[in-house]
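**Student:** Chains as they are written, first to last, in my numbering: chain A, 1 to 200; chain P, 201 to 400; chain Y, 401 to 600; chain C, 601 to 800. Note that CB positions come from ideal geometry on N, CA and C, so glycine has one too. Here the structure is a predicted model, which means the values were calculated and not measured.
1. Counting only C-beta atoms, is residue 248 (chain P) closer than 9 angstroms to chain A at any point?
2. Flag this pair as yes or no: are the beta carbons of residue 705 (chain C) and residue 720 (chain C) separated by less than 9 angstroms?
3. For residue 395 (chain P), tell me which candidate among P:258, P:378, P:352, P:240 has the shortest Cα-Cα distance.
4. As an exercise, report each continuous alpha helix (DSSP H) stretch of at least 4 residues that is fully enclosed by the region 295-340 of chain P, in chain order.
5. Here's a check: name, in chain order, each residue in its chain whose Cβ is nearer than 6 angstroms to the Cβ of residue 445 (chain Y), leaving out the five neighbours to either side.
6. Using Cβ-Cβ distances below 8 angstroms, what residues of the region 326-350 of chain P are close to chain A?
7. Using DSSP with H/G/I as helix, E/B as strand and the rest coil, what is residue 410 (chain Y)?
8. Indicate the three-state DSSP secondary structure (helix, strand or coil) for residue 594 (chain Y) in the structure shown.
9. With respect to the alpha helix (DSSP H) encompassing residue 173 (chain A), which residues constitute its N-terminal and C-terminal limits?
10. Measuring CA to CA, which of P:356, P:368, P:381 is closest to residue 310 (chain P)?
11. Please indicate yes or no: does the CB of residue 763 (chain C) lie closer than 8 angstroms to some heavy atom of the ligand FAD?
12. May I ask you to list, following chain order, the residues of the region 457-490 of chain Y that have a beta carbon less than 9 angstroms from some beta carbon of chain P?
13. Quick check: what's the CA-CA separation for residue 313 (chain P) versus residue 293 (chain P)?
14. So, does the CB of residue 35 (chain A) fall closer than 9 angstroms to a CB anywhere in chain P?
15. Please classify residue 414 (chain Y): is it buried, with 16 or more other beta-carbons within 10 angstroms of its beta-carbon, or exposed?
16. Hey, would you say residue 498 (chain Y) sits closer than 9 angstroms to residue 462 (chain Y), going by beta carbons?
17. Do residue 368 (chain P) and residue 389 (chain P) have their CB atoms nearer than 9 angstroms?
18. Short of 7 angstroms Cβ to Cβ, which residues in the region 159-186 of chain A face chain P?
19. Let me know if residue 667 (chain C) comes out buried or exposed under the rule of 16 or more other beta-carbons within 10 Å of its beta-carbon.
20. Just to check my reading of the structure: residue 386 (chain P) and residue 372 (chain P) have Cβ atoms closer than 8 angstroms, yes? What is that Cβ distance to the nearest angstrom?
21. Going straight from the alpha carbon of residue 160 (chain A) to that of residue 87 (chain A), what length do you get?
22. Can you list, in chain order, the residues of its chain whose CB lies under 8 angstroms from that of residue 626 (chain C), leaving out five sequence neighbours each side?
23. Within 9 angstroms of any Cβ in chain C, is that where the Cβ of residue 425 (chain Y) sits?
24. Rounded C-beta distance between residue 145 (chain A) and residue 84 (chain A)? I'm assuming under 8 angstroms.
25. Could you give the distance in angstroms between the alpha-carbon of residue 717 (chain C) and the alpha-carbon of residue 232 (chain P)?
26. Spatial neighbours of residue 219 (chain P) within its chain, please: C-beta separation below 7 angstroms, excluding the five flanking residues on both sides.
27. Leaving out the 5 sequence neighbours to the left and right, which residues in its chain are closer than 7 angstroms to residue 179 (chain A) when beta-carbon positions are compared?
28. Verify the CB distance criterion: does residue 654 (chain C) have a CB-CB separation below 9 angstroms to chain A?
29. So if I threshold CB-CB distances at 7 angstroms, which residues from the region 496-518 of chain Y count as touching chain C?
30. Excluding the 5 residues flanking residue 147 (chain A) on each side, which residues of the same chain have their C-beta closer than 7 angstroms to its C-beta?
31. Would DSSP call residue 229 (chain P) helix, strand or coil?
32. Inspect the beta-carbon positions of residue 221 (chain P) and residue 416 (chain Y) and report whether they are closer than 9 angstroms.
33. Does any CB atom of chain C fall closer than 9 angstroms to the CB of residue 3 (chain A)?
34. I'd like to know whether the C-beta of residue 93 (chain A) is nearer than 9 angstroms to at least one C-beta of chain P.
35. Can you round the beta-carbon distance between residue 137 (chain A) and residue 80 (chain A) to whole angstroms, since I take them to be within the 8 angstroms contact cut?
36. Which word fits residue 764 (chain C), buried or exposed, when buried means at least 16 other C-beta atoms lie within 10 angstroms of its C-beta?
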């Protein structure tokens with residue numbers, strides 16, 4: 001029943017935990033069950049929902065990558081402060097938009113307004129990336145918040161990786177105005193790149 | 201597999217954790233994807249949902265502030281008791297209404313019944329604030345529940361900050377009956393104030 | 401990155417944590433925002449949803465009580481086993497029905513079929529109570545699962561309290577067939593009783 | 601406020617925790633409250649939803665079994681690496697499809713297209729099982745990731761049990777094409793088998 005150490009602000013652990021819970025909730029699937037009569041009509045209806053499955057897979061895996069990066073970042077943090085809390089809250093707020101923009105992209109991916117859906121989706125990911133990079137830049141300029149033994153090669157590796165991810169988002173968002181499929185292709189490339197780029 | 205220390209009631213850690221999970225769930229977004237034909241119609245439809253985005257942003261950030269304050273409060277708690285559990289449950293219950301009242305405010309913010317939605321929203325926040333302040337008042341009158349080394353300047357700082365937040369809610373709720381936009385403006389001011397008022 | 405102690409089964413901590421997450425999700429509110437034109441129509445529509453608010457409050461607080469009892473029970477557990485895991489899973493499964501049966505009771509509380517909704521609601525709570533009591537009975541018959549220093553007065557106090565809660569559920573369920581309002585009244589009594597019966 | 605040990609990647613604990621939160625969210629119930637007039641019509645309508653209840657029970661218990669196995673597996677892990685994170689993310693992604701495929705099976709179980717719903721449901725469980733077994737195979741081929749004192753009899757017991765579960769899924773999926781009821785029967789058998797097969 002006792003709380004052994006008195007801590008004046010929120011610990012990195014607590015912040016990571018709360019972020020985890022919010023991230024876990026954002027990666028739920030929301031696809032409507034089609035209401036048809038025959039088996040063949042059901043197969044067609046399910047196949048017709050391919051934009052929903054594709055959008056879900058992209059969003060789940062991009063959010064998974066974001067979670068891994070967020071967690072890795074938190075392993076370097078010794079203590080939190082007000083600015084860090086505010087930046088993290090803004091990062092989570094934009095991340096919480098993902099179910100909505102995923103549904104939007106899915107709804108229009110095979111329709112004339114595909115570019116609008118893909119652009120809004122890309123913009124949301126880009127802004128998530130902006131806040132993620134802002135947290136990282138803030139931390140690297142405030143080494144007092146980081147653990148003393150942080151390896152600078154790791155920091156540089158992460159900086160480079162996060163920038164590449166961010167450039168992907170900006171590019172995919174810009175190209176969505178030309179063609180939504182190109183931006184979807186770039187998201188898939190980003191996910192494959194991320195899956196192989198983590199150092200063990 | 202072993203539970204090293206036998207604790208008769210719920211620890212502050214557990215209570216904070218459960219509260220975190222409930223709070224994380226309350227800050228999810230629930231906006232319907234518009235169903236239209238053309239790209240320009242989609243842009244108009246998305247723009248027409250601005251009251252939903254604004255309400256989401258306000259609710260997410262106010263809940264974020266509530267989470268930070270709740271966590272800070274728990275860093276002062278040494279042990280829990282029955283009254284604290286009951287007050288915290290009532291605090292969470294009113295907080296769990298936020299998705300509903302956010303949807304209500306969003307639906308009517310640009311319609312004739314805007315004041316009704318904004319008033320119900322403000323009342324909910326006010327009651328959340330009442331229970332938050334009741335927890336704090338109860339704790340400050342039962343120092344046996346607090347950690348021994350608690351800094352009284354911190355306590356006074358928090359008391360002042362929580363009261364200012366509460367006055368904002370009461371004011372915003374009262375003014376919503378005159379004009380819903382004024383109360384929305386006050387919520388935005390409260391969020392900006394909160395973002396800068398945390399001590400590092 | 402290391403996992404210091406090798407544990408063959410799930411720890412009481414982990415089981416409590418997973419249960420917490422499931423319980424937190426079951427106490428969310430799902431009330432539809434009314435779609436009307438004028439302010440007075442909105443006030444009437446909101447007032448007309450009173451059965452939803454009442455059902456939400458009852459479910460939130462009963463689930464809150466269940467959470468507190470579940471947590472208190474887990475403070476006595478030294479280790480878990482297969483039977484305990486199965487009983488806890490069945491307890492959570494019935495608890496996960498609460499949002500559905502709450503919506504059902506709310507929909508019909510002011511309608512001719514009120515007794516059906518209240519009976520299904522009461523039956524669900526009763527079965528939740530059956531599994532809760534089964535866990536407790538199983539634990540008290542397998543002291544090897546409990547911590548060595550468990551105070552038998554505490555155990556008896558909890559046994560008595562859990563039985564009283566269970567009798568309330570059975571009674572409320574049976575009386576719902578006569579009159580739904582009586583069973584709602586009993587739930588409110590149970591909540592008030594629970595709020596005052598925890599030992600600090 | 602301090603983070604005592606610097607860890608370069610995500611700890612098994614953190615990964616287990618995040619997985620817990622995602623799993624907890626996937627086992628929520630989503631059944632519509634029927635809208636009818638009389639008590640007898642409500643009883644009929646509720647009885648008519650039996651496919652929803654059956655599908656919910658199967659999904660809740662299968663997910664519960666998956667959670668227990670996932671947790672048991674994590675008690676053997678000493679550290680994580682990139683491949684493990686990717687495999688776990690893909691496992692969770694397919695698990696996150698369960699609410700959708702449960703709704704699909706429930707909607708069509710008593711209709712002509714029952715086989716389609718049951719096949720899609722079985723395929724999803726089978727792929728969840730594929731990734732679960734891939735994680736286990738990867739771990740057993742990379743003993744550096746496991747704790748040093750791991751008992752090889754336990755490992756063999758788990759391998760056998762996971763394979764049996766997987767064969768059940770493949771069989772149920774294949775047989776769903778002949779008759780959806782047979783596959784439902786096999787899921788129930790699998791759950792009963794799992795409930796009794798855990799070693800204490």
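**Tutor:** The short version:
1. Residue 248 (chain P) does not count as touching chain A.
2. Taking 9 angstroms as the Cβ cut-off, residue 705 (chain C) and residue 720 (chain C) qualify as a contacting pair.
3. The residue with the shortest Cα to Cα distance from residue 395 (chain P) is P:258.
4. Runs of the alpha helix (DSSP H) inside the region 295-340 of chain P: 298-308.
5. 434, 436, listed in sequence order.
6. If the cut-off is 8 angstroms between Cβ atoms, the region 326-350 of chain P has 347, 349, 350 near chain A.
7. In the structure shown, residue 410 (chain Y) sits in coil (DSSP, three-state: anything other than H, G, I, E or B).
8. DSSP places residue 594 (chain Y) in helix when its eight states are reduced to three.
9. Note, residue 173 (chain A): alpha helix (DSSP H), 152-176.
10. For residue 310 (chain P), the nearest C-alpha among the options comes from P:381.
11. Within the structure as shown, the ligand FAD is missing, as the structure has no ligands at all.
12. Listed by position, the residues of the region 457-490 of chain Y near chain P (Cβ gap below 9 angstroms) are 457, 460, 461, 464, 465, 467, 468, 471, 472, 474, 475, 476, 477, 478, 479, 480.
13. CA-CA distance, residue 313 (chain P) to residue 293 (chain P), rounds to 26 angstroms.
14. Taking a beta-carbon distance threshold of 9 angstroms, residue 35 (chain A) does not count as an interface residue toward chain P.
15. Residue 414 (chain Y) is buried by the Cβ-count criterion.
16. It is a contact, given that the beta carbons lie within the stated cut-off.
17. Yes, Cβ-Cβ distance for residue 368 (chain P) and residue 389 (chain P) is below 9 angstroms.
18. Cβ contacts with chain P come from no residue of the region 159-186 of chain A.
19. Counting C-beta atoms within 10 angstroms of its own C-beta, residue 667 (chain C) has 16 or more neighbours from the protein chains shown and is therefore classed as buried.
20. About 4 angstroms separates the beta carbons of residue 386 (chain P) and residue 372 (chain P), which is inside the 8 angstroms limit, making them a contact pair.
21. Between residue 160 (chain A) and residue 87 (chain A), the alpha-carbon positions lie close to 20 angstroms from each other.
22. 663, 695, 696, 698, 699, listed in sequence order.
23. For residue 425 (chain Y), the nearest CB of chain C lies under 9 angstroms from its own CB, placing it at the interface with that chain.
24. Sure, about 7 angstroms apart at Cβ, within 8 angstroms.
25. When rounded, the separation of the alpha-carbon atoms in residue 717 (chain C) and residue 232 (chain P) is 26 angstroms.
26. Residues of the same chain with a CB within less than 7 angstroms of the CB of residue 219 (chain P), apart from the 5 flanking positions on each side, are 270, 288, 292 in chain order.
27. Correct list: empty, nothing qualifies.
28. Chain A places no beta carbon closer than 9 angstroms to that of residue 654 (chain C), leaving this residue out of the contacts.
29. From the region 496-518 of chain Y, only 496, 497, 499, 500, 503, 504, 507, 508, 512, 513, 515, 516 have a Cβ closer than 7 angstroms to chain C.
30. Cβ neighbours of residue 147 (chain A) beyond the five flanking positions: 76, 78.
31. It is coil, neither helix nor strand.
32. No, the Cβ-Cβ distance between residue 221 (chain P) and residue 416 (chain Y) is not below 9 angstroms.
33. In this prediction, residue 3 (chain A) scores a pLDDT of 37, lower than 50, which makes its location untrustworthy; no coordinate-derived value is stated.
34. Yes, contact with chain P.
35. Actually they do not touch by this definition, with Cβ atoms about 16 angstroms apart.
36. The residue is exposed, with fewer than 16 neighbouring Cβ atoms inside 10 Å.
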